[in-house]
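Undergrad: Numbering (numbering that gives the first Met the number 0), first residue to last: 0 to 133.
After the structure tokens below, expect a handful of questions from me.
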Amino acid sequence: MTDTLTPIPDAPDGTVSGGFIYENEHPQLQIPFTACIGARRLEGKTLSITEAFVSGLMPPNANFDRTTMALQFDFEGFTISLFVEADVEKIGDSISPNYKMRFCNPTASHLAPLRHIINSHLAGDLITMDRFLG
0 MTDTLTPIPD APDGTVSGGF IYENEHPQLQ IPFTACIGAR RLEGKTLSIT
50 EAFVSGLMPP NANFDRTTMA LQFDFEGFTI SLFVEADVEK IGDSISPNYK
100 MRFCNPTASH LAPLRHIINS HLAGDLITMD RFLG
């Protein structure tokens, strides 16, 4: 056994928030959700605990804006909305409806319920109100 520590690699570009080492440290999952930004509703494509990929209409100057959005999950008999502050990044050309929403603080108060939703989805468990609140 040695007393040397393995060095932690530097972040690739310094843009990963929340103390994560690599940008793709958390996999994107195809969980059904809607991203609500003001009166706009964008279709959720994929989701992780650090970012979401969405598709829909945004203002032309929305690229690189910071916005508050609600991640809306519709379950049988109830809906859960988690409010997240995110940086908007346009994916593709100027007419593409696709956006990457990078969460500014992925360890904020939305983390615990989002992890529960992701873990339940991965396990194939049904999400019920009593299990979500209990």
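Heads up, the beta-carbon is just placed ideally off N, CA and C, and yes, glycines get one too.
Compare the C-alpha of Gln91 against each of Asp124, His25, Leu125, Ser54 and name the closest.
TA: As written in the sequence, residue 91 is Gly, which differs from the Gln given in the question. Among Asp124, His25, Leu125, Ser54, the Cα nearest to that of Gly91 belongs to Ser54.
Undergrad: Can you give the beta carbon distance from Glu88 to Asn62, rounded, assuming they're within the 8 Å contact cut?
TA: The Cβ separation is near 7 Å, so the contact holds.
Undergrad: As a quick exercise: from Leu46, Ala69, Ala34, Ser119, pick the residue whose alpha carbon is nearest that of Leu81.
TA: That would be Ala69, whose Cα lies nearest to the Cα of Leu81.
Undergrad: Which one of Arg39, Leu125, Ser47, Ala38 has the shortest CA to CA distance from Leu110?
TA: Among Arg39, Leu125, Ser47, Ala38, the Cα nearest to that of Leu110 belongs to Ser47.
Undergrad: Just the Cα atoms here: how many angstroms apart are Arg65 and Ile36?
TA: Going from the Cα of Arg65 to the Cα of Ile36 covers about 11 Å.
Undergrad: Closest to Leu28 by CA distance: which of Ile117, Thr127, Asp124 is it?
TA: Ranking Ile117, Thr127, Asp124 by Cα distance to Leu28 puts Ile117 first.
Undergrad: Name the two residues that bound the continuous beta strand (DSSP E) containing Ser54.
TA: Segment 50 to 54, the beta strand (DSSP E) holding Ser54.
Undergrad: From the DSSP output, read off the bridge partner residues of Met100.
TA: Ala51, Val87.
Undergrad: Which of helix, strand or coil does DSSP assign to Leu81?
TA: Note: Leu81 maps to strand in three-state DSSP.
Undergrad: Does the Cβ of Leu41 have 16 or more other Cβ atoms within 10 Å, making it buried, or fewer, making it exposed?
TA: Buried, by the Cβ-count rule.
Undergrad: Along the alpha helix (DSSP H) that carries Leu46, what are the first and last residues, could you check?
TA: Leu46 -> not in any alpha helix (DSSP H); beta strand (DSSP E) instead, spanning 39 to 46.
Undergrad: Need the endpoints of the alpha helix (DSSP H) that Ala111 sits in, please.
TA: Note, Ala111: alpha helix (DSSP H), 110 to 122.
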